[in-house]
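Quick note: my numbering has the sequence shown finishing at residue 197, numbered continuously throughout. The next block holds one structure in the form of structure tokens; read it before the comments.
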Amino acid sequence: MAGEDGGARLGQPAVTRVLRLVRAVATQSDRYSHAIRERLGMHSTDLTAMGIISDAARDGAELTPSQLAAELHLSASAVTSLVSRLEHIGHVRRLPHVVDGRKVVVEITPSAADLASTSFQPLSAAIRAVLASRSDAELALVGDVLSDVVRAMTDVCDDGRGARAAGLVAPRGATTLDPAAAPAPRPRSSGDRAPLS
1 MAGEDGGARL GQPAVTRVLR LVRAVATQSD RYSHAIRERL GMHSTDLTAM
51 GIISDAARDG AELTPSQLAA ELHLSASAVT SLVSRLEHIG HVRRLPHVVD
101 GRKVVVEITP SAADLASTSF QPLSAAIRAV LASRSDAELA LVGDVLSDVV
151 RAMTDVCDDG RGARAAGLVA PRGATTLDPA AAPAPRPRSS GDRAPLS
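Put into structure tokens, the structure is as follows:
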């Protein structure tokens, strides 16, 4: 039940349960991905990059190395090394950008797409089996809730609130990670995304 301000009270058992389940989903996903990385002999960032590249292809978008760097929060040189490593083992290829020939796009190779599909098929099938037992209305509600959760998590990650609040990011000009020295959250401007309701 939402509070008068439209937000949920964190002390509510239902909200606490959902928060724990979101963490459990992340934990189990990490466990599965770890097993796949071990089996394939890949670094976690490499597997994450392949997922981002695959998602871009599935969405019909071209992905440049600089876009991949932004998604992974890595430097341009780190992504160049990552792409070279994945290209060397035949998982990705670099192609000229269709509009701007000076740019390069990265795409997953068919063999790597097949490998990823085969690797994640058991997990996907298990989740699909659970979802198939639910009504369209239930799935629509779960989809809406998960979409809002992902958006909230993305907002916190993108503006650094989580790391600053935990004292893991030093304020500009500071030389220590003193949580008491963390700056107050900046006020939202009219151009910012609206908070979740």
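Cβ coordinates follow ideal geometry from the N, Cα and C atoms, glycine included. Predicted model only: the values in this text are computed from it and were never measured.
- Take histidine 97, set aside five residues on each side of it, and the residues of its chain with a beta-carbon closer than 6 angstroms to its own are Lys103, Val105, in chain order.
- When DSSP states are grouped into helix, strand and coil, leucine 74 belongs to the coil group.
- Here isoleucine 108 carries a strand assignment [DSSP, helix/strand/coil].
- Counting only runs of 4 or more residues that sit fully inside the stretch 11-41, the alpha helix (DSSP H) segments are 13-40, in chain order.
- Between the alpha carbons of alanine 129 and alanine 116 lies a distance of about 20 angstroms.
- Counting of Cβ neighbours within 10 angstroms places histidine 91 among the buried residues, the total reaching 16 or more.
- In this structure, proline 110 lies away from valine 83, with their beta-carbon atoms at least 7 angstroms apart.
- In terms of CA proximity to serine 54, Phe120 leads the group Glu138, Asp158, Phe120, Leu74.
- Cβ-Cβ separation between arginine 37 and serine 44: approximately 6 angstroms, consistent with a contact (criterion under 8 angstroms).
- When secondary structure is reduced to three states using DSSP, valine 83 falls in the helix class.
- Listed in chain order, the non-local C-beta contacts of arginine 93 below 7 angstroms within the same chain comprise Glu87, Glu107, Thr109, local neighbours out to five positions each way being set aside.
- Taking the CA atoms as reference points, leucine 95 sits about 18 angstroms from aspartate 59.
- For alanine 57, the CB contacts under 7 angstroms within the same chain, skipping 5 residues up- and downstream, are Glu107, Ile108 in chain order.
- Just measuring C-alpha positions, the residue of Asp46, Val15, Val25 sitting nearest alanine 112 is Asp46.
- Annotation: leucine 21 to leucine 146 spans about 11 angstroms, alpha carbon to alpha carbon.
- Going by beta carbons, alanine 70 and alanine 76 fall outside the 7 angstroms limit.
- Burial state of alanine 49 is buried, judged by a 10 Å Cβ sphere holding 16 or more other Cβ atoms.
- Of the residues assessed, leucine 141 falls on the exposed side of the cut-off, its CB having fewer than 16 other CB atoms within 10 angstroms.
- Shown here, valine 98 sits in coil according to DSSP, grouped into three states, outside any helix or strand.
- About 5 angstroms separates the beta carbon of tyrosine 32 from that of leucine 123, a gap short enough to meet the 8 angstroms contact definition.
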